[in-house]
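Engineer:
Protein chains in written order, with this note's numbering: chain F, 1074 to 1190; chain Y, 80 to 189.
(1) Which residues in the same chain have their Cβ closer than 7 Å to the Cβ of residue 1189 (chain F), if we skip the five residues on either side of it in sequence?
(2) Tell me, please, whether the stretch 1138-1151 of chain F touches the stretch 1174-1187 of chain F by the rule of three or more beta-carbon pairs shorter than 8 Å.
(3) Starting from residue 1183 (chain F), find everything on chain Y with Cβ-Cβ shorter than 8 Å and list it in chain order.
(4) For residue 140 (chain Y), which residues of its own chain have a beta-carbon under 6 Å away from its beta-carbon, when the five flanking residues on both sides are left out?
(5) Under 8 Å between beta-carbons, which chain Y residues line up against residue 1166 (chain F)? List them in chain order, please.
(6) Provide the residue span of the beta strand (DSSP E) that contains residue 1092 (chain F), from first to last.
(7) Taking the CB atoms as reference points, tell me whether residue 1094 (chain F) and residue 1111 (chain F) lie closer together than 8 Å.
(8) Using only the alpha-carbon positions, how far apart do residue 1154 (chain F) and residue 111 (chain Y) sit?
(9) Which whole-angstrom value is the C-beta distance of residue 90 (chain Y) and residue 186 (chain Y), which I expect to be below 8 Å?
(10) Can you give the Cα-Cα distance for residue 1165 (chain F) and residue 1120 (chain F), rounded to whole angstroms?
(11) Please report how far the alpha carbon of residue 132 (chain Y) lies from the alpha carbon of residue 1167 (chain F), in whole angstroms.
(12) To the nearest angstrom, report how far apart residue 122 (chain Y) and residue 1099 (chain F) are at their CA atoms.
(13) Consider the Cβ of residue 1122 (chain F): report whether some Cβ of chain Y lies at a distance smaller than 8 Å.
(14) Let me know the secondary structure DSSP gives residue 1175 (chain F) once reduced to three states.
(15) When DSSP builds the beta bridges, which residues end up paired with residue 142 (chain Y)?
(16) Just to confirm, is the Cβ distance from residue 169 (chain Y) to residue 103 (chain Y) under 8 Å?
(17) Starting from residue 129 (chain Y), follow the beta strand (DSSP E) in both directions and report where the run begins and ends.
(18) Write down every uninterrupted run of the alpha helix (DSSP H) in the stretch 1097-1164 of chain F whose length is 4 residues or greater and which is fully enclosed by it, in chain order.
(19) Determine the DSSP secondary structure at residue 160 (chain Y), reduced to helix, strand or coil.
(20) So which residues of chain F does residue 178 (chain Y) contact, with C-beta pairs closer than 8 Å?
(21) Considering only DSSP beta bridges, list what residue 117 (chain Y) is partnered with.
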């Protein structure tokens, strides 16, 4: 079945550090990938839609200069949290959908738990 | 995407069937009903989806009301590994995004 790999699974770093998270579709091509953030005991909140070869679309309230998204190929999207601060600590999750058909399931990575000290 | 309403939590006994309800009274004719679940500390996992007819797969069954204003996810025999948050989401036919609501936290008792 379709698999999405997310790396790293956990990051602990100091305030002010920039952190890059990778999301790969392992056995399918994805023109669109999605980035979510989830705080403890809350639901997933969509941050941005990553489109291969073009600029990402950010949801209202998400700073595009703080959360840099690059979708350079049909199998890889990256999210960089720039100059991270403790309030950026969260569970970041990516998802992707196979190209064929608009009504196909999305496949999620296992998430990256980011802790900023 | 149209909104869904689910109970915050439900409990079940192991090896018994579980019926997880979802109300979507404002569903449009082209909205698909998708179910995902999220186990602790993991990303969501696709469970099942349908449009009008009931659907079965190896994980679950989806029963859709005739007027499509509600649906029920059926786990035929709950196991401890089924303890998760279950999300019912509507997606329009040409849609792309998943909008997650609060979901139902299913607890399974041994």
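Ideal Cβ positions, reconstructed from N, Cα and C, are used throughout, including at glycine.
Structural biologist: In short:
(1) Looking up residue 1189 (chain F) in the first chain gives position 116. Excluding sequence neighbours, residue 1189 (chain F) sits near 1086, 1088, 1157, 1158, 1159, 1161 and 1162.
(2) no
(3) By 1-based counting over the first chain, the position of residue 1183 (chain F) is 110. Simply 121 and 122.
(4) As a position in the second chain, residue 140 (chain Y) is number 61, starting the count at 1. 153.
(5) Here residue 1166 (chain F) is taken as the residue at index 93 of the first chain, counted from 1. Simply 122 and 123.
(6) As a first step, residue 1092 (chain F) must be located in the first chain, where it is residue number 19. It spans 1092-1098 - the beta strand (DSSP E) in which residue 1092 (chain F) sits, taken as one unbroken run.
(7) Residue numbering aside, residue 1094 (chain F) sits at position 21 when the first chain is read from its first letter. Residue numbering aside, residue 1111 (chain F) sits at position 38 when the first chain is read from its first letter. No. Outside cutoff.
(8) As a first step, residue 1154 (chain F) is located in the first chain; it is residue number 81 there, counting from the start. As a first step, residue 111 (chain Y) is located in the second chain; it is residue number 32 there, counting from the start. In a straight line, the C-alpha of residue 1154 (chain F) is about 33 Å away from that of residue 111 (chain Y).
(9) One-based indexing of the second chain puts residue 90 (chain Y) at position 11. One-based indexing of the second chain puts residue 186 (chain Y) at position 107. 5 Å between Cβ atoms; contact.
(10) If you number the first chain from 1, residue 1165 (chain F) lands on position 92. If you number the first chain from 1, residue 1120 (chain F) lands on position 47. Computed Cα separation, rounded: 9 Å.
(11) Sequence index remark: in the second chain, residue 132 (chain Y) carries index 53 (1-based). Sequence index remark: in the first chain, residue 1167 (chain F) carries index 94 (1-based). Distance between the alpha carbons of residue 132 (chain Y) and residue 1167 (chain F) is about 30 Å.
(12) Taking the second chain and counting its residues from 1, one reaches residue 122 (chain Y) at position 43. Taking the first chain and counting its residues from 1, one reaches residue 1099 (chain F) at position 26. Rounded to the nearest angstrom, the two C-alpha atoms are 16 Å apart.
(13) Walking along the first chain from the start, residue 1122 (chain F) turns up at place 49. At least one chain Y Cβ lies under 8 Å of residue 1122 (chain F).
(14) Mapped onto the first chain, residue 1175 (chain F) falls at position 102. Residue placement at residue 1175 (chain F) cannot be trusted, given a pLDDT of 49 that sits under 50; what the coordinates show is reported in the next sentence. Residue state, collapsed to three classes: coil.
(15) Within the second chain, the letter at position 63 stands for residue 142 (chain Y). Looking at the DSSP assignment, residue 142 (chain Y) forms a beta bridge with Y:151.
(16) Counted from its first residue, the second chain places residue 169 (chain Y) at position 90. Counted from its first residue, the second chain places residue 103 (chain Y) at position 24. Yes, they are a contact pair.
(17) Locating residue 129 (chain Y) in the second chain gives position 50, where the first residue counts as 1. First-last of the beta strand (DSSP E) with residue 129 (chain Y): 124-129.
(18) none
(19) Numbered from 1 along the second chain, position 81 holds the residue referred to as residue 160 (chain Y). In the structure shown, residue 160 (chain Y) sits in a helix (DSSP, three-state: H, G or I).
(20) Walking along the second chain from the start, residue 178 (chain Y) turns up at place 99. Within chain F, the residues near residue 178 (chain Y) are 1119.
(21) As a position in the second chain, residue 117 (chain Y) is number 38, starting the count at 1. Its beta-bridge partners are Y:164.
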